[in-house]
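Chemist: My structure is below; once you've seen it, I'll send some questions.
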């Protein structure tokens with residue numbers, strides 16, 4: 026890098042720093058997972074049909090329902106203020122314990138389809154078989170949220186929008202293996218903060234993850250993680 030470029034970058038950073046203020050904070054929160062139900066059907070043709078002139082298919086339906094439970098979270102980070110203090114870039118380390126109960130349902134039945142007119146006939150009254158299994162789960166996620174905040178009402182109210190990349194550290198319940206879940210997560214978050222004292226804020230937030238909750242190789246990998254958070258923030 027040339028000396029001219031180094032000088033230009035140094036002057037630019039100095040000019041930003043003259044107008045900026047760095048604020049450190051911690052945040053304690055409670056959360057509730059908002060995982061939606063899902064149902065998915067998979068149809069496969071069997072290798073051999075026991076009826077002449079018909080194809081034979083197996084229909085499998087997978088479903089999952091969730092009872093969402095409370096969890097806790099702890100966040101530490103910094104805010105880099107620009108523009109007379111009403112815009113900030115926020116970077117943090119966010120740890121969340123997320124709890125939920127999942128009930129899995131699997132059902133299947135066979136049906137036939139005519140080779141000539143494609144008419145469908147059921148071989149069994151669905152479902153031919155049905156299994157249900159329920160488990161409590163706890164996830165421990167470490168995230169690195171990065172967001173922009175804008176301040177209103179004499180800087181007493183802020184709205185934040187940003188990205189939440191994360192890593193699953195550990196999980197319990199079910200098979201007890203973190204391999205059941207996606208190890209890497211990615212989502213967005215929206216937060217509202219309201220100042221109730223010079224250094225204290227009330228916080229409400231929502232996180233929506235684009236990555237699937239479970240590993241893609243598993244049949245229950247249809248649901249996305251959603252998270253509602255309420256807490257308090259303290260500025261140093």
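Residue numbers (the numbering used here): 26 to 261.
C-beta atoms are modelled at their ideal positions from N, C-alpha and C, and glycine is treated no differently.
Source: prediction; values computed, not measured.
(1) Taking the alpha-carbon positions, what's the residue 234 to residue 129 distance?
(2) Who are the Cβ neighbours of residue 47 in its own chain at under 8 Å, not counting the five residues just before and after it?
(3) Between the C-alpha atoms of residue 247 and residue 114, what's the straight-line distance to the nearest angstrom?
(4) Got a sec, what are the start and stop residues for the beta strand (DSSP E) residue 95 sits in?
(5) Let me check one thing: in DSSP terms, what residues is residue 206 bridge-paired to?
(6) Checking 8 Å against the spacing of the C-beta atoms, do residue 174 and residue 183 come in under that value?
(7) Please confirm whether residue 214 and residue 228 have their CB atoms less than 8 Å apart.
(8) Within 10 Å of its beta-carbon, does residue 170 have 16 or more other beta-carbons around it, so buried, or fewer, so exposed?
(9) What is the DSSP secondary structure of residue 141, reduced to helix, strand or coil?
(10) Evaluate residue 146 with the Cβ neighbour count: other Cβ atoms within 10 Å of its Cβ, from every protein chain shown; 16 or more gives buried, anything less gives exposed.
(11) Starting from residue 112, follow its DSSP beta bridges and name the residues at the other end.
(12) Looking only at C-alpha atoms, which of 212, 179 and 85 sits nearest to residue 133?
(13) Taking DSSP as the reference, what is the three-state secondary structure of residue 248?
(14) Tell me the DSSP secondary structure of residue 60 in three-state form.
(15) What's the C-alpha gap between residue 209 and residue 55?
(16) Between the alpha carbons of residue 62 and residue 165, how many angstroms are there, rounded?
(17) Taking residue 190 as the reference, which of 212, 109, 206 and 112 has the closest Cα?
(18) Leaving out five residues before and five after residue 100 in sequence, what residues of the same chain have Cβ atoms less than 6 Å from its Cβ?
(19) Is the Cβ-Cβ distance between residue 198 and residue 162 less than 8 Å?
(20) Among 92, 186, 177 and 140, which residue has its Cα nearest to the Cα of residue 160?
(21) From which residue to which residue does the beta strand (DSSP E) around residue 180 run?
(22) Pick helix, strand or coil for residue 170, following the three-state DSSP scheme.
Modeler: Taking the structure as given:
(1) The C-alpha of residue 234 lies about 21 Å from the C-alpha of residue 129.
(2) 103, 104, 105 and 106
(3) 33 Å
(4) 79-107
(5) 239
(6) yes
(7) no
(8) By the neighbour-count criterion, in which 16 or more other beta carbons inside 10 Å mark a residue as buried, residue 170 falls on the buried side.
(9) coil
(10) exposed
(11) 107 and 175
(12) 85
(13) coil
(14) coil
(15) 22 Å
(16) 22 Å
(17) 212
(18) 52, 117 and 119
(19) yes
(20) If we check each option's Cα against that of residue 160, 92 comes out closest.
(21) Counting along the chain, residue 180 falls outside any beta strand (DSSP E), and DSSP gives it neither H nor E.
(22) coil
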